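Yeah, the sequence shown ends on 193 if you go by this note's numbering, and it's all consecutive.
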Amino acid sequence: MYFVIFGSDKPDTGQERQEALDGVVSYLSERPGHPDVTHHCGGPTLDEGGRINGTLSIIEAPSLDAARAFLADHPLQKMGLLVEVSIRQLDWKTGCPG
């Protein structure tokens, strides 16, 4: 099953977010504790001025619970830098891997 994770950054957390970047990249690449989850693509979302204001990821997971567990361990979530987060199942039609 594919899922889209969308999160909005807390205001005025740009410095903390920048400091977390290496940990986020490592987490999404290695997925520690979540071998059943695959991160297919994603990146930061931007405001009109080009400043980071959130995050978006497309993952593959066996269930919504597995996707929620993956999000719970995400460095930005653990650091409390995301104020709004949603996970939705995706019926991926175009550009889908495999």
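Cβ coordinates follow ideal geometry from the N, Cα and C atoms, glycine included.
As the structure is a computational prediction, the values presented were derived from the model and not from experiment.
Terminal residues of the beta strand (DSSP E) in which residue i lies
i: GLU179; result: 177 to 185
i: ASP104; result: 97 to 104
i: SER158; result: Here SER158 belongs to no beta strand (DSSP E), and DSSP marks it neither H nor E.
Residue i: first and last residue of the uninterrupted alpha helix (DSSP H) it sits in
i: PRO170; result: 170 to 173
i: GLY137; result: It is not in any alpha helix (DSSP H) - GLY137 instead sits in the beta strand (DSSP E) that spans 133 to 141.
i: ARG112; result: 109 to 125
Residues of its chain near residue i, where Cβ-Cβ distance is below 8 Å and the 5 sequence neighbours each way are ignored
i: ALA176; result: For the sequence presented, residue 176 should be read as Leu rather than Ala. ASP104, LYS105, THR108, GLU111, ARG112 and ALA115.
i: LEU185; result: TYR97, PHE98, VAL99 and ILE153
6 Å CB neighbourhood of residue i in its chain, flanking five on each side removed
i: VAL178; result: SER103 and LYS105
Rounded distance between the beta-carbons of residue j and residue i, thought under 8 Å
i: SER181; j: PHE101; result: 5 Å
i: HIS134; j: LEU123; result: 5 Å
Beta bridge counterpart(s) of residue i as assigned by DSSP
i: GLY149; result: SER103 and THR140
Quick check: the stretch 113 to 120 against the stretch 164 to 171, are there 3 or more CB pairs under 8 Å?
-> yes
Quick check: the stretch 151 to 164 against the stretch 126 to 142, are there 3 or more CB pairs under 8 Å?
-> yes
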